[in-house]
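S.K.: Dropping a structure here in structure tokens format, bear with me for questions.
There are 2 protein chains.
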Amino acid sequence: MELPRHGRSRLSDVAKLAGVSLGSASRALNNPSSVRPPTLEAVRKAAEQLSYVPDGNARSLVLRRSNTIGAVMPTLNNPVYADFLHFLQQGLSEAGYSLICSAHEYDQSVETLLVERLLQRGVDGLVLVGTDHDEALLSRLGLAGIPHLFTWSTDERSRGACVGFSNRRAMQKLTRHLIELGHREIAVLSGAQTHNERARARLAGIVDVMALHGLDLPPENVITCRFDIEAGRKGLREALALPRAPTAIMCTTDMLAAGALSEAIHLGLTVPADISITGFDDIAYAQMLSPPLTTIHVSAREMGLRSSEAIIRAIHGDPHEGAELGAELVVRGSTGPVRGKQQS
Amino acid sequence: MELPRHGRSRLSDVAKLAGVSLGSASRALNNPSSVRPPTLEAVRKAAEQLSYVPDGNARSLVLRRSNTIGAVMPTLNNPVYADFLHFLQQGLSEAGYSLICSAHEYDQSVETLLVERLLQRGVDGLVLVGTDHDEALLSRLGLAGIPHLFTWSTDERSRGACVGFSNRRAMQKLTRHLIELGHREIAVLSGAQTHNERARARLAGIVDVMALHGLDLPPENVITCRFDIEAGRKGLREALALPRAPTAIMCTTDMLAAGALSEAIHLGLTVPADISITGFDDIAYAQMLSPPLTTIHVSAREMGLRSSEAIIRAIHGDPHEGAELGAELVVRGSTGPVRGKQQS
DNA sequence: TTGTACGCGTTATCAC
DNA sequence: GTGATAACGCGTACAA
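So the sequence lines, in the order shown, correspond to chains A and B. If you count by this note's numbering, then the first sequence holds residues 72 to 415, one letter each, in order. If you count by this note's numbering, then the second sequence holds residues 72 to 415, one letter each, in order.
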């Protein structure tokens, strides 16, 4: 009696112990109704006894399907992406899929490499953030016919299904709110625009509305920051040093806004009396800052769940054009009328 | 000339195009120095031309190694776990590993099921949170000889390597701080204790120090909450309704503390003059609340990176007993002396 | 150095 | 219903 060499027992061991053939054992486990009750019973008992666990790799090899989805995010620890990921995983897990996740930290060449790696692993589908990706990568995905989904954005969409929202229109709403409060001098703390259509779309939304009111946004008023709280602090100091002092600071992310807000307070300013500050995302902590942050609410939870459905349908060959989600203005305490001006 | 059926080209296609055998092609790609330069060149060109991507499943099958690590977290969106996950992924990715992550939402039976699924997938190693797990699961892991790592806690450790810290000692420090400020009536907002040795250890740390000062913690002063901000709000209201009004609220998590703090402010209390509030974790937003939160600082980043190293070493058969990390008291504005009492 | 042949663990296709 | 057997795509002894 030869023992299995790697501790793990194989289907053939189960079959042998149950006194049936390999084929019957396989069928008993995968399609119980296609086998006689006594056979089923014997196989189940043997499997239990050997604590048999099917080998997913072998199965994937022959089935051409791994029940695995890959996700490539900018980062995993930004609260909005963490939320998204959590619910994406929940949705996928319920459907029997596992999620392989990775982060490119806003480096497109890293993203391409990570996707490459996921393709090797044989993921059944791919979830990406944004619509701006390496061109070669996109055509590879198309050629290989591997189902994929773009999320967080419907801006600058060129092809493929998206589950996201219009960052541009969302930012327009927020800008309109500031304009109505009388703000004319606006500075923007933005993430880098390269390879990031969300950053571009958000900025474009601001420019749109300002232009509509005959205002322009001088280039020096757009301050490029890294995506963390500290960068927000630094950005605010830069904004205050601008030749024409801004009455409002628009941050393209709540994390940046959190940093900017705390730095403003730290410098002795009163928000919003001295200066208004806005965010984007409405992370859970936005409402707990003081003053609570005026921002754009995005439902990362819904996006995650919808994305899990969408990618699964795509895998099943179900044509699915994605979904356009909402992103609404949430007015809180960090914005107010310009000092000495009336609300228009 | 038969075309590959699934769009994807196989190694045999590469070999054919390069005019060499399967073996040579394989060697050229995996062990370039074991093949003559012209052969190498030909194979590389052919692979490039066919945009050949090795099939990870087939490779894993024969190599008995998937270059994949599984992680099962409580949730992916709690900021501390999100941070941990991010840096765990970074560390693993650098070493060529992919990370499959999932969340059990504090349900141990779900955790067991998720681990089961990961084992089927053939992960090379497993990263778990905490030391309290299903007994059957642990013995399975031991029997199967699959490398695994416990994180976030060295409390109640029974076996296996940990990368974590003593939740109990950390909470002792925090409690000592409150006692020194004169607090005697303390209420605790805690997560459920079942299947969670971190929650137990944190509570034990409080009880330890109180006992040392001849104080006891009545059962009704321990309020069990879910792990989210809203639960913190609700918990604070319960705490205020206690027969003996607490002068300090200790929350076992920053998220709970954030909720409790905001509710206290909302109810018109002044923190810390009317009541002191503490957290645990020191998430990025803890210092931005008002008042900023007194808490225990835990470096999720370091824990993530160290964990990636530890699990990889474990896979390589390198004996590695894990690491005990620090967790230090950070005193900020949310704690102060009891009204009318001197600091002892 | 190179080619051949076998094995990895599973599912699917056939005859029986 | 069941049992042999051929795939799935790759790595690697072994022989040449």
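C-beta atoms are modelled at their ideal positions from N, C-alpha and C, and glycine is treated no differently.
Is V124(B) close to chain A, meaning its C-beta is less than 8 Å from at least one C-beta of that chain?
M.R.: With 8 Å as the cut-off, V124(B) counts as an interface residue toward chain A.
S.K.: Taking Cβ positions only, does G407(A) come closer than 8 Å to chain B?
M.R.: G407(A) does not count as touching chain B.
S.K.: Hey, does Q120(B) have any beta-carbon neighbour from chain A nearer than 8 Å?
M.R.: No, Q120(B) does not count as interfacial toward chain A.
S.K.: Which class does V402(B) belong to by DSSP, given the choice of helix, strand or coil?
M.R.: Coil.
S.K.: Compute the Euclidean distance between the alpha carbons of G350(B) and T246(B), then round it to the nearest angstrom.
M.R.: Each residue's alpha carbon lies about 11 Å from the other.
S.K.: Do the CB positions of E268(B) and T341(B) come within less than 8 Å of each other?
M.R.: Result no, Cβ atoms of E268(B) and T341(B) do not sit closer than 8 Å.
S.K.: Cα separation between F221(A) and S378(B)?
M.R.: Each residue's alpha carbon lies about 31 Å from the other.
S.K.: Could you list which residues in chain B have their beta carbon closer than 9 Å to that of N267(A), in chain order?
M.R.: Here the premise fails: no neighbours, minimum Cβ distance about 19 Å.
S.K.: Would you kindly report the start and end of the unbroken beta strand (DSSP E) that includes L170(B)?
M.R.: Looking at the DSSP string, the run of the beta strand (DSSP E) that includes L170(B) is 169-174.
S.K.: Taking the Cβ atom as the reference point for each residue, do C296(B) and S261(B) lie within a distance shorter than 8 Å?
M.R.: In contact: C296(B) and S261(B) (Cβ atoms closer than 8 Å).
S.K.: When the Cα atoms are used, what is the spatial distance from R230(B) to L199(A)?
M.R.: Answer to the nearest angstrom: the Cα atoms are 39 Å apart.
S.K.: CA-CA distance, V402(B) and A357(B)?
M.R.: Approximately 11 Å, taken between the alpha carbons.
S.K.: In whole angstroms, what is the alpha-carbon distance linking L313(A) and M359(B)?
M.R.: Whole-angstrom Cα-Cα distance: 25 Å.
S.K.: If we count the other Cβ atoms within 10 Å of its Cβ and call it buried at 16 or more, is E399(A) buried or exposed?
M.R.: With fewer than 16 Cβ atoms within 10 Å of its Cβ, E399(A) is classed as exposed.
S.K.: Between which two residues does the beta strand (DSSP E) carrying L260(A) extend?
M.R.: First-last of the beta strand (DSSP E) with L260(A): 257-262.
S.K.: Beta-carbon of E73(A) versus every beta-carbon of chain B: anything under 8 Å?
M.R.: Confidence is the limiting factor: at E73(A) the pLDDT is only 41, short of 50, which leaves the residue's position unreliable and the question unanswerable from this model.
S.K.: Quick check on this structure: which residue in D389(A), V143(A), P125(A), I217(A) has the alpha carbon closest to the alpha carbon of R79(B)?
M.R.: The shortest Cα separation from R79(B) among D389(A), V143(A), P125(A), I217(A) belongs to I217(A).
S.K.: Between the stretch 160-179 of chain B and the stretch 130-148 of chain B, are three or more C-beta pairs nearer than 8 Å?
M.R.: As far as the Cβ criterion goes, the stretch 160-179 of chain B touches the stretch 130-148 of chain B, which means the pair count is three or higher.
S.K.: Take H157(B) as the anchor and find which of G375(B), G404(B), P390(B), E392(B) has the nearest alpha-carbon.
M.R.: Minimum Cα distance to H157(B) is reached at G375(B).
S.K.: Sort out for me which residues DSSP pairs I250(B) with in a bridge.
M.R.: Partner(s): none; I250(B) has no beta bridge.
S.K.: E392(B) by DSSP, collapsed to three states: which one?
M.R.: Coil, per DSSP.
S.K.: Closer than 8 Å between beta carbons: that is the criterion. Which residues of the stretch 213-227 of chain A meet it against chain B?
M.R.: Cβ contacts with chain B: L214, A215, G216.
S.K.: Please confirm whether G407(A) and P343(A) have their CB atoms less than 8 Å apart.
M.R.: Cβ atoms of G407(A) and P343(A): closer than 8 Å.
S.K.: Assess contact between the stretch 143-163 of chain A and the stretch 180-192 of chain B, defined as three or more Cβ pairs (one per stretch) separated by less than 8 Å. Is contact present?
M.R.: No contact exists between the stretch 143-163 of chain A and the stretch 180-192 of chain B.
S.K.: Please look up how many angstroms separate the CB atoms of G213(A) and Q243(A), rounded, as I've assumed it's under 8 Å.
M.R.: Incorrect: roughly 32 Å between the Cβ atoms, too far for contact.
S.K.: Any beta carbon from chain B within less than 8 Å of G303(A)'s own beta carbon?
M.R.: No, no contact with chain B.
S.K.: Note down, in chain order, each residue of its chain lying with its Cβ closer than 8 Å to the Cβ of G193(B), except the 5 sequence neighbours on either side.
M.R.: Around G193(B): S131, S137, T139.
S.K.: Between G127(A) and chain B, is the shortest Cβ-Cβ distance under 8 Å, so that the two count as touching?
M.R.: Taking Cβ atoms only, chain B reaches closer than 8 Å to G127(A), which makes this a yes.
S.K.: Taking G78(B) as the query, report the chain A residues whose CB atoms sit under 8 Å from its CB, ordered along the chain.
M.R.: Within chain A, the residues near G78(B) are L214, A215, G216.
S.K.: Using a Cβ-Cβ distance cut-off of 8 Å, determine whether E205(B) contacts chain A.
M.R.: Here residue 205(B) turns out to be Asp, not Glu, going by the sequence shown. By this cut-off, D205(B) is not an interface position.
S.K.: Measuring alpha carbon to alpha carbon, tell me which of L208(A), G330(A), I336(A), G196(A) ends up nearest A381(A).
M.R.: The shortest Cα separation from A381(A) among L208(A), G330(A), I336(A), G196(A) belongs to G196(A).
S.K.: What ranges does the alpha helix (DSSP H) occupy inside the stretch 178-239 of chain B, keeping only unbroken runs of at least 4 residues that lie completely in it?
M.R.: Complete alpha helix (DSSP H) runs here, min 4: 179-192, 206-215.
S.K.: Count the other C-beta atoms from every protein chain shown that fall within 10 angstroms of the C-beta of S415(A), then say buried if there are 16 or more, exposed otherwise.
M.R.: In this prediction, S415(A) has a pLDDT of 45, which is less than 50 and means its spatial position is unreliable; what the coordinates show is noted afterwards. Classification for S415(A): exposed.
S.K.: For M144(A), list the residues DSSP reports as bridge partners.
M.R.: In DSSP, M144(A) forms a bridge with A174(A).
S.K.: Could you please give the first and the last residue of the uninterrupted alpha helix (DSSP H) stretch that includes T110(B)?
M.R.: 108-120 is the span of the alpha helix (DSSP H), which, as asked, contains T110(B).
S.K.: Taking the C-alpha atoms as reference points, what is the distance between A215(A) and W223(A)?
M.R.: Their Cα atoms are separated by approximately 24 Å.
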